[in-house]
Amino acid sequence: MARPRVVLDANALLLPFQFRINLDLELARLLGACDVFVPESVVRELERLRGREGKAALRLAAKYALHATTLAGDAAVIDAAKALRAHVVTSDRELLARLRDASIPRITLRSKSHLVLEG
19 MARPRVVLDA NALLLPFQFR INLDLELARL LGACDVFVPE SVVRELERLR GREGKAALRL
79 AAKYALHATT LAGDAAVIDA AKALRAHVVT SDRELLARLR DASIPRITLR SKSHLVLEG
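This note's numbering applies: residue 19 is where the sequence shown begins, and numbers increase by one.
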C-alpha cells in the first residue's frame, strides 16, 4: 500500500513557529509514515517573508520534497494535491473552502494545539 502524501502551504510551514506544533509528529499521528511535498511557489512565497519565522519556515521547507509548478499561490497547492493525490495542510480559510469544493482531504489546526483531518 502506498504511503499517504501531504502538500504543505506557506502557513502550514509557519505553524511550528507560531504555535509550537511539531509538524512531523502531528502528521505521523494522523497518517502514519507519509511523504511530504512543498510546491515551488510556496518556497518563493517564504523567500519573500521577512523575519525569523519566515527564515525558519524556509529551512523547514527544505527538508521536504519540492513539487515543480508554474502556478502561484493557492492554485499551485491545489494542483499539487490533485497531481499527487495528497492531503493538504493549511489554516487558510479561503483555501480550505476551495479544497472542500474540490473534494481534496484537508488537515488543519484545531485549538492552536494540534492538527485534525477533514474530508
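Quick reminder that beta carbons are idealized off the backbone N, C-alpha and C, glycines included.
- When I39, I122, V95 and A51 are compared, the shortest CA-CA separation from S59 is found for V95.
- The C-alpha of V54 is placed about 14 Å away from the C-alpha of V61.
- About 7 Å separates the beta carbons of F37 and L127, which is inside the 8 Å limit, making them a contact pair.
- Within the same chain, Cβ atoms closer than 7 Å to the Cβ of L48 are found at I125, L133 and L135, the five residues on either side in sequence being excluded.
- Cβ contact annotation for L89 (same chain, cutoff 6 Å, sequence separation greater than five): D97, in chain order.
- P22 carries a coil assignment under DSSP once its states are collapsed to helix, strand and coil.
- Annotation: I96 is outside any beta strand (DSSP E); the continuous alpha helix (DSSP H) that includes it extends over G91 to L102.
- L45 and E63 have their C-alpha atoms some 23 Å from each other.
- With the rule of 3 Cβ pairs closer than 8 Å, the stretch 98 to 105 does not count as touching the stretch 71 to 79.
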